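Asker:
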Amino acid sequence: MFSFHFSNFTINDLWNIMNYWYHMFTVLSSLHPECEYIFQLARDEQRCLREITDLGNLSSSSDCLPVWDSVVCWPRAAVGETIHLPCPAVFSVIKNNTGIVSRNCTAGGWSHPFPAYHEACSVEDEIPEESYFATVKLIYTVGYGASLLSLSVAVAILLLFRRLHCARNYIHMQLFFTFILKSVAVFIKDATLFSSDDTDHCTLSTAACKASVVLCHYCVMTNFFWLLVEAVYLNFLLVSAFPRSRRCLWSFALLGWGFPLVCIILWICSRLYFEDTECWDINEDSPYWWIIKGPIVVSIGVNFFLFMNIIRILVQKLNPRLIQFNNSSQYRYRNQSNTTNPCWSVFNFSPIHSLWELSGRSAWRIVG
């Protein structure tokens, strides 16, 4: 990076500050707006260098030639002239405060900028050690770890006790697996993206990075679609005698695991051919993001409709004023309602936040 010094403030300091704010934005969003400012600095430098080349032979020897000081491109000026320029837009990411930096064109060349950049542009010299990002990262790491442990125990219990082997618990296990895989995917993604403090996240575009993002997206999609499978199964259970054939369970497996895989493959192909940029974690304003987002939104709508239908059926069948029950049928329906009761919380707490986690719309992105 650059190493130009201005009154104890260097471009290396600027880069460190921008890297800090990268982590802050990564916690709250999947977008990298600060990277655009860094890239803008590079574009400004190239433009300034071209101007220096074009005007080098046209300027008089007494003029101060255009110069790039690693922050601002100072234009040509006559001796005795003072140039005033606003702080670069990159500083507005750090503080919503714009200042003015000036330089004099003297017979000996350009003077030093005054006031210094770190004073005029309100740049803090020190970055807090305990950042908000580190605290939130710790919170969601503990949360995912606890979820991973408890769900692993639950799956082990369902697998070990043969009396618990049934279609209903088979579907529950698949849902638990999606939560487990999502937790693992988040840990893998963190290990890939934040393996080193020196990682340039603005240009990171490795196969491992993209694979970790793809894995996260797939796990979230399977999570939503196995919730949909739960809703479909409960509706079948209440409306009619649920078919216990393996074919039906295979159909559920294709819906829960296969359909998200097809969507992910289509999204990967779209990114490879049309938007193969950075780490594939920027989805804002991308039309191809709807390949993943669209099915999830539809599954949420269908899930809500099925959930309301489950409530309607239970209220109808458990109310003796609406339907005459004999003892056996009343017992059967109440038994079915008891079976569905533990699953209601699944629908009430459906992870809609995961959708915004992927698109970078909410601070929930890292809590998951």
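Start counting the sequence shown at 1; every next residue gets the next number (the UniProt record's numbering). Just so you know, even glycine gets a beta-carbon here, dropped at the ideal spot from N, CA and C. Being a predicted model, the structure only gives us computed values, none of them experimental.
Between Ala211, Leu234, Ile292 and Ser251, which lies nearest to Asn309 when the distance is taken from Cα to Cα?
Answerer: Working through the sequence shown from its first residue, we reach residue 309 at position 309. Among Ala211, Leu234, Ile292 and Ser251, the Cα nearest to that of Asn309 belongs to Leu234.
Asker: Can you check whether the CB of Cys263 is closer than 7 Å to the CB of Pro295?
Answerer: Taking the first residue of the sequence shown as 1, we reach residue 295 at position 295. Taking the first residue of the sequence shown as 1, we reach residue 263 at position 263. Yes; because the gap between Cβ atoms is below 7 Å, this pair is in contact.
Asker: Can you list, in chain order, the residues of its chain with a C-beta nearer than 7 Å to that of Tyr288? Leave out the 5 residues immediately preceding and following it.
Answerer: Reading the sequence shown from its first residue, position 288 is the one you call residue 288. Around Tyr288: Trp267, Ser270, Arg271, Phe274 and Glu275.
Asker: Three Cβ pairs or more, each shorter than 8 Å: is that satisfied between the stretch 296-306 and the stretch 278-287?
Answerer: no
Asker: Which same chain residues, not among the five before or five after Ala154, have their C-beta less than 8 Å away from its C-beta?
Answerer: As a working mapping, residue 154 is identified with position 154 in the sequence shown. Same-chain partners within the cutoff: Phe176.
Asker: Would the C-beta of Glu51 count as close to the ligand ATP, meaning under 6 Å from any of its heavy atoms?
Answerer: With respect to the ligand ATP, the structure offers nothing, as it holds no ligand at all.
Asker: Would the stretch 98-118 and the stretch 132-146 be scored as touching if the rule is three or more Cβ pairs under 8 Å?
Answerer: no
Asker: Would you mind sorting Pro342 into buried or exposed? The rule is 16 or more other CB atoms within 10 Å of its CB.
Answerer: Here residue 342 corresponds to residue number 342 of the sequence shown, with the count starting at 1. Any reading at Pro342 must be qualified, since the residue scores a pLDDT of 48, below 50, and its modelled position is unreliable; no value is offered.
Asker: Hey, would you say Val229 sits closer than 7 Å to Phe252, going by beta carbons?
Answerer: Working through the sequence shown from its first residue, we reach residue 229 at position 229. Working through the sequence shown from its first residue, we reach residue 252 at position 252. In this structure, Val229 places its C-beta atom within 7 Å of the C-beta atom of Phe252.
Asker: Would you tell me roughly how many angstroms separate the C-alpha atoms of Pro66 and Gly99, rounded to the nearest one?
Answerer: Start at 1 with the first residue of the sequence shown, and residue 66 comes out as number 66. Start at 1 with the first residue of the sequence shown, and residue 99 comes out as number 99. Answer to the nearest angstrom: the Cα atoms are 21 Å apart.
Asker: Compute the distance between the beta-carbons of Phe179 and Leu151, then report whether it is under 7 Å.
Answerer: Against the sequence shown, residue 179 aligns to sequence position 179. Against the sequence shown, residue 151 aligns to sequence position 151. Yes, they are a contact pair.
Asker: Round the Cβ separation of Asp63 and Ala77 to the nearest angstrom and send it over; I've been treating them as touching at under 8 Å.
Answerer: The sequence position of residue 63 within the sequence shown is 63, counting from 1. The sequence position of residue 77 within the sequence shown is 77, counting from 1. Sure, about 7 Å apart at Cβ, within 8 Å.
Asker: Nearest CA to the CA of Gly80: which residue from Ala156, Ser111, Gln46 and Ile292?
Answerer: Taking the sequence shown and counting its residues from 1, the one referred to as residue 80 is at position 80. It is Ser111 whose Cα lies nearest to the Cα of Gly80.
Asker: Excluding the five sequence neighbours on either side, which residues of its own chain have a C-beta within less than 7 Å of the C-beta of Gly256, listed in chain order?
Answerer: Counting from one through the sequence shown, the residue named residue 256 turns up at place 256. The answer, listed in chain order, is Gln174, Thr222, Phe225, Trp226 and Val229.
Asker: Check whether the Cβ atoms of Lys189 and Cys219 sit closer than 7 Å, and answer yes or no.
Answerer: By 1-based counting over the sequence shown, the position of residue 189 is 189. By 1-based counting over the sequence shown, the position of residue 219 is 219. Contact: no.
Asker: By the three-class DSSP mapping on this structure, what secondary structure does Leu193 have?
Answerer: For the purposes of this step, residue 193 is taken as the residue at position 193 of the sequence shown. Helix.
Asker: Going along the chain, which residues of its own chain have a beta-carbon closer than 7 Å to the beta-carbon of Cys87, five neighbours each way excluded?
Answerer: By one-based count along the sequence shown, residue 87 stands at place 87. Excluding residues within five positions, the ones whose Cβ falls inside 7 Å are Thr98, Gly99, Val101, Ala120 and Cys121.
Asker: So the candidates are Lys210, Lys293, Val214 and Cys48; which of them puts its Cα closest to the Cα of Val71?
Answerer: Position 71 of the sequence shown, counted from the start, is the residue given in the question as residue 71. Comparing Cα positions, the closest option is Cys48.
Asker: What whole-angstrom Cβ distance do Met307 and Ala231 have, given they're in contact under 8 Å?
Answerer: In the sequence shown, the residue the question calls residue 307 occupies position 307. In the sequence shown, the residue the question calls residue 231 occupies position 231. Checking the displayed sequence, the identity of residue 307 turns out to be Phe instead of Met. Right, the Cβ-Cβ distance comes to about 6 Å (below 8 Å), so this counts as a contact.
Asker: From the DSSP output, in three-state form, read off His118 for me.
Answerer: For the purposes of this step, residue 118 is taken as residue 118 along the sequence shown, with counting starting at 1. His118 carries a helical assignment under DSSP once its states are collapsed to helix, strand and coil.
Asker: In whole angstroms, what is the alpha-carbon distance linking Tyr144 and Glu51?
Answerer: Along the sequence shown, one-based indexing puts residue 144 at 144. Along the sequence shown, one-based indexing puts residue 51 at 51. Going by the C-alpha atoms only, they are around 53 Å apart.
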